[in-house]
Each structure stands twice: as structure tokens, then as C-alpha cells.
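For reference, the structure is listed below as C-alpha cells.
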Amino acid sequence: MEEELEIIMPDKENNDVSFLQLTGDLTRASGERLLKYYPWEQGLPNGRNILVINFTNVNYINSAGIAYLFRVCKLLHKNNVLIRTFGLEYHYEKMFHIVGLTKYMKFYPSEWAAVEDL
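Spelled out as C-alpha cells, the structure:
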């Protein structure tokens, strides 16, 4: 049974970085919600140029979910936004690499490493 995706964009104390917290399953239905969650084509709030996505609590990602994530990444890429991720299970990192998502995002071992670009 699909676990509904919770999408939160917490406002943390950082001038350059926006954060996106995902919890649940990333599928066609939840991917559509992710696409409509924020006007990604306008860039990030307050002119920020880095988005850190937390995948720690994402349990499942299917091909449709990846397609929606691709769309979000492409929209942000057009606005010169760097996308950094952490908490992604290794097999999803491999899958993202195979399908070409690594053109738009980098993987990090922790939130701190993603923010600091280490």
C-alpha cells in the first residue's frame, strides 16, 4: 500500500539554501503533488540558489516519481539552482545515476555535508 508523500519546505536559518523534506512514497500521484507544491519554474524563495532535498524518510520511488523529480530538477536548473540531496538509499542513487538525474543533483552523506558542499 502506498504511503502518502508528505512535502515540507522548512524555513531554516540559511541565506543561500532552501530545504525540502520528503516523507513517504514518491509515485505518480505524489509526484504530481510535488510538482504543484511550489512554482519551481520561478526559482527558489528569496533568491536562494541551492536546494537541499532530504530523502531520509522516503520509502519507495517508482519510475513515475523519478519522472516528476526530473521535471522539478529541470525547472530549477533553468534558474541556475544547485540541487543537493542526502538520505537517499544507495540503490536509488544508482538508479538516479543511470537515468541521468546526476546532471541536476549531487548526493551527500548528511544535511551538513550538503549545505557545506563537502
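So the number in the numbering used here is just where the residue sits in the sequence shown, counting from 1, plus 1485. Glycine included, every Cβ here is placed at the ideal spot set by N, Cα and C. Given the structure is predicted, the values throughout are model-derived calculations rather than measurements.
- Within the same chain, and ignoring the five residues on either side of Y1553 in sequence, the residues whose Cβ sits closer than 7 Å to its Cβ are G1516, E1517, L1519, L1520.
- In this chain, the beta strand (DSSP E) harbouring M1590 covers 1590–1593.
- Apart from the 5 residues on each side of it in sequence, L1586 sits with its Cβ closer than 8 Å to the Cβ of I1551, L1554, F1555, C1558 in its chain, given in chain order.
- Y1545 is bridged by DSSP to D1510.
- The alpha carbon of I1492 has as its nearest neighbour, out of V1543, L1561, E1574, the alpha carbon of V1543.
- S1503 and G1532 have their alpha carbons spaced roughly 10 Å apart.
- For the pair I1538 and L1560, the Cα-to-Cα distance works out to about 15 Å.
- Boundaries of the beta strand (DSSP E) around E1491: 1491–1493.
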